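In what follows, a single structure is set out as C-alpha cells and then discussed.
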Ligand code: BG6
C-alpha cells in the first residue's frame, strides 16, 4: 500500500534501543486532526522500524466509529501521511489497535481488558490526551474513575492554561489525580532533531561554548514565520493568538536550549533545572517590547469575530537577566500567512573592535558573523564570516560553512518530533517535556503583556509583518528574508 507522499528513503530499523516496557497507549481524540496527521502515522512508523515493539493502542473519541470504521480511518491516515505501508506492516499494526467508543469508563475498561487479555502482570499505560483544553480535565477524571492512574503516564497537549492563574488551576487539578512524575507536557519543538542538535553543538564541542555569552554575542533571533493560515482552526486560534500558540510555548522552549547553562548531566532533572533557570532569569515582557499584527482579511475568516483583536503575528524583544546574557536582546517573531515558512535561530556575533581593512573593502557591509540553526528536519547549520575575495588588493565578502543532515548517511534516520516524544514518554524519559513550574513562570513573565496588549497592526498577507517590526529591532535588522539562501546540495 502506498500513498501520495511515498518516501524514497528506505526504512531503517533501530532495534538496539531499549524498547521500554510493554505499554498500552490510550489515545484520546484518536480521530482528530493531530492524531490523523502526526500521532497515528508516528506510532505506525515507530512500530515498523522496531522502536516500539511492545505497544498496543486503544483509540477513543467522541465521534461515532465502529472498530471497522476506525481501522479504515487509521489506514487512510497512514496512506496520506506515512506513505510507505506494506500489507505485512498494516497487518501487524492493525492487530494492535482497538476502538473504545465515546471514551466512557465502561468502554475504556472493556477495550483495555480485551487488548491486554493475553498479557500477564500489571500493565503500563500511556494516556495521550489529544483533546481540546476543556476536554483534558474531563478525561483526567474519567481515568481516575476507571482506575487507570496507577502504572500510567499521561501526555498532555498545549495550551497549558491561558495565563498564570488558569495554568496554576489546571496544574492543581491534574496533580489531584496524577503525580508530576507521571505527567508529560508535550512541546513538539523540543522533539525536533534540530532542536536537540543545539544541545549537541553547544555541549559536545570545546569550540563554541567559550564564545557563547554577552562578551561575544550581540543578539539572538528566533524567527518562525509561517505561510500557513488558520487551517480550519478559527475557534482555537481566536481564543489563542500567536503569542499563546507559539511564543509562550515553542519559541521560549527553544530559547531555553539556546541560552541555558551546561547541565550537570544529560539527565531529565538536570536539563529541566537549567531550562527553568533561564525562565526564572527572564525579565517581564511588557507592551513596549512587542509588536502585535493581524493579517488583512483575518476578520472576514469564517468563525472569526468581525472586530477581533486576536494577533496572528507577534514580534518581541526579551532579556535573560543573568551573568551570561545580561543586556543581550533576544528577538522572537512568528505569524500566520507570512512571506515564507522558516524556523531559524540566528546568533549574531559582535563585530571586531577595530578594522585594518580600508573602507571600500566590504568589511561589515553584510552584517555581523552569524551562526544559524534551521529547525527543519535537515538540521541545517551555517556559520558565516568575512573572507578574502580572490584577486589583487583586499576585497572582502561574506562566506559560510554549512551543514545539512541531508548530506549525510543518516538522513533516513530522522525521527519526526512527535515520534521522538512518544518514544521518550513510553520509556519514561522526561528530558524533552515541560514542567508545571516552567510553564507557570512563562505565564508570569507574560502578565504585563497579557494584561495590557498593544493594539494589533494590520499586515498584508505574504509579508514579514507590520512595519513597526523594524523599529523594534533597530539599529539591528531581521535576518529573514535571507540575503544569501542556504546552499543547495
Ligand atoms: C503548533 C501550532 O503547535 O505548531 C500551529 O498550534 C503551528 O499553529 C505549528 O502551525 C507549527 O509547527 P511545525 O512543527 O509545523 O513548525
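Numbering (my numbering), first residue to last: 702 to 1190.
All residues carry an ideal CB built from backbone N, CA and C; glycine is no exception.
Since we're looking at a predicted model, the values are computed, not measured.
Contacts around residue 892, its chain only, beta-carbon distance under 7 angstroms, and the 5 residues preceding and following it disregarded: 1118, 1119, 1121, 1122 and 1133
Applying the 10 Å Cβ sphere with the 16-neighbour rule, what's the burial state of residue 1168? exposed
Which residues does DSSP list as the beta-bridge partners of residue 677? Any property of residue 677 remains undetermined from this structure, which presents the chain solely from 702 to 1190.
Check residue 765 in the structure and name its three-state DSSP category. coil
Taking the alpha-carbon positions, what's the residue 793 to residue 884 distance? 29 angstroms
Within the present structure, is the beta-carbon of residue 955 separated from the nearest heavy atom of the ligand SAM by less than 7 angstroms? Inclusion of the ligand SAM in the displayed structure is not the case, the ligand content consisting of the ligand BG6 alone.
With a cut-off of 8 angstroms, do at least 3 Cβ pairs link the stretch 911-923 to the stretch 1131-1145? no
What runs of the alpha helix (DSSP H), each 4 residues or longer, lie entirely inside the stretch 1131-1184? 1137-1152 and 1169-1174
Which class does residue 802 belong to by DSSP, given the choice of helix, strand or coil? strand
Whole runs of the beta strand (DSSP E) within the stretch 834-865, excluding any shorter than 3 residues: 853-857
Is the beta carbon of residue 993 closer than 8 angstroms to that of residue 863? no
Which listed residue (1152, 1166 and 990) has its alpha carbon closest to that of residue 1158: 1166
Any 3 or more C-beta pairs closer than 8 angstroms across the stretch 921-929 and the stretch 981-998: no
Outcome for residue 943 when other beta-carbon atoms lying within 10 angstroms are tallied against a minimum of 16: buried
Quick one: what's got a C-beta closer than 7 angstroms to residue 738's C-beta in the same chain, skipping five residues either side? 782
So what's residue 954 in DSSP terms, helix, strand or just coil? helix
Would you say the beta carbon of residue 889 comes nearer than 7 angstroms to a heavy atom of the ligand BG6? yes
Once the 5 residues before and after residue 810 are set aside, which same chain residues still bring their CB inside 6 angstroms of it? 847
Looking at the structure shown, is residue 880 part of a helix, part of a strand, or coil, going by DSSP? coil
Select from 1066, 1083, 1130 and 1162 the residue whose C-alpha is nearest the C-alpha of residue 1187. 1083
Tell me whether residue 738, by its Cβ, gets closer than 7 angstroms to a heavy atom of the ligand BG6. no
Measure the alpha-carbon distance for residue 1174 versus residue 803 and round it to whole angstroms. 50 angstroms
Could you say if the stretch 805-825 and the stretch 746-762 meet the contact criterion of at least three C-beta pairs nearer than 8 angstroms? yes
Count the other C-beta atoms from every protein chain shown that fall within 10 angstroms of the C-beta of residue 873, then say buried if there are 16 or more, exposed otherwise. exposed
At a cut-off of 7 angstroms, is residue 766 close to the ligand BG6 when judged by its beta-carbon and the heavy atoms of the ligand? no
Out of 844, 958, 984 and 986, which has the shortest C-alpha to C-alpha gap to residue 975? 958
Is residue 678 near the ligand BG6 - that is, is its Cβ less than 7 angstroms away from at least one heavy atom of it? In the structure as shown, the chain starts at 702 and stops at 1190, and residue 678 therefore has no counterpart that could be examined.
If you reduce the DSSP assignment to three classes, tell me which class residue 760 lands in. strand
Please confirm whether residue 826 and residue 787 have their CB atoms less than 8 angstroms apart. no
Answer yes or no: the CB of residue 1039 versus the heavy atoms of the ligand BG6, is any distance below 7 angstroms? no
Whole-angstrom distance between residue 929 and residue 709, CA atom to CA atom: Any reading at residue 709 must be qualified, since the residue scores a pLDDT of 40, below 50, and its modelled position is unreliable; the value itself is stated next. So the two alpha carbons sit approximately 26 angstroms from each other.
With a CB to CB cut of under 6 angstroms and the five nearest residues on each side skipped, what residues in its chain are close to residue 965? 971
Excluding sequence positions up to five away, which residues of its chain have a Cβ less than 8 angstroms from the Cβ of residue 771? 731, 732, 760, 798 and 800
Cα separation between residue 881 and residue 845? 15 angstroms
Grab the span of the alpha helix (DSSP H) containing residue 982 for me, first residue to last. 969-982
Measuring only from the beta carbon, is residue 927 closer than 7 angstroms to any heavy atom that is part of the ligand BG6? yes
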